[in-house]
Structures are given as C-alpha cells and as structure tokens.
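To start, the structure under review is shown below, and the notes come after it.
Numbering (the numbering used here), first residue to last: 197 to 341.
What follows is the structure in structure tokens.
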C-alpha cells in the first residue's frame, strides 16, 4: 500500500477527531528580534560568509547579539523519545534512558552558556539492533556497522 493511501485511509477512517480547526491556521511570519549585529571592518572583509550567516541565524533564534562571539561547541547526542515534565513517557525512544540524554544536554548547554560559550545541540539517529532484528528496520540499523 502506498504512503498516500495509508495517510488518506487514516484520515478518512474517523480515528482522528479534530475538535478545533484552528490547528490548521499556521503562523508563517512574525516580527523578528530587535537590535543590531555589530560587525567590524575586519569581520566583514575576512570572515567566511557562512560565519556572518550563522550570526544572523543565532540572533534570529533569540541569542543575544552581545554574546555571539564566544567559543562555539556542538553537543552531538542520540536523544530520543519525548518525556513530560514529570518524567512520564509521551513518545518512546529506541533504548531505555534515551530521553534522559536530553536532560544531560540541557545541563551541559546551560553551563557552557554561563561560561560565555555558544552551545549548539544536534541529535543523531541511534538505531537499536535488538529491536530491529527480523524487521525491515535492519536496513537502517545494520548500515551503521
């Protein structure tokens, strides 16, 4: 069965009840942050253009323009699943403890920020060999070996 048919069948099945049609009203524009990015002559002439683009992205995501030239660190992790504030599962990860990784990343980023650094966080896939055995998920899992 094609993906289109599965999606259409699910939506038409009555299994999805939409009480509030406003969920389909998606805001696509908003006021950006105010302020200026102070760029020196040196930065404009000699910094890679990607750095300048990155600075505008950082400020656009809410980072203070006053604090955007600190050392940058990437926290690469295999966070998975979603937990509620009380720790109960909303969506499962492939392994136990996956959602606790998000708490570790948050704490590490908070400490880096206190030290004047710019933390970035990115999440990678972490397939579970045990969970995927005998299923088509092995095509993803075994490719990592």
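Even glycine gets a Cβ: it sits at the ideal position worked out from N, Cα and C.
With C-beta atoms as the reference, is residue i less than 8 Å away from residue j?
| i | j | result |
| --- | --- | --- |
| residue 256 | residue 228 | yes |
| residue 322 | residue 290 | yes |
| residue 318 | residue 270 | yes |
| residue 231 | residue 261 | yes |
Relative to the alpha-carbon of residue i, which residue among the options has its alpha-carbon at the smallest distance?
| i | options | result |
| --- | --- | --- |
| residue 237 | 248, 269 and 225 | 248 |
| residue 281 | 296, 267 and 269 | 296 |
| residue 268 | 221, 293, 304 and 279 | 304 |
| residue 265 | 288, 274 and 235 | 235 |
Count the other CB atoms within 10 Å of the CB of residue i; is the residue buried (16 or more) or exposed (fewer)?
| i | result |
| --- | --- |
| residue 315 | buried |
| residue 326 | exposed |
| residue 225 | exposed |
| residue 276 | buried |
Per DSSP, what kind of secondary structure is residue i in: helix, strand or coil?
| i | result |
| --- | --- |
| residue 223 | coil |
| residue 267 | coil |
| residue 272 | strand |
| residue 229 | coil |
| residue 323 | coil |
| residue 285 | strand |
| residue 315 | strand |
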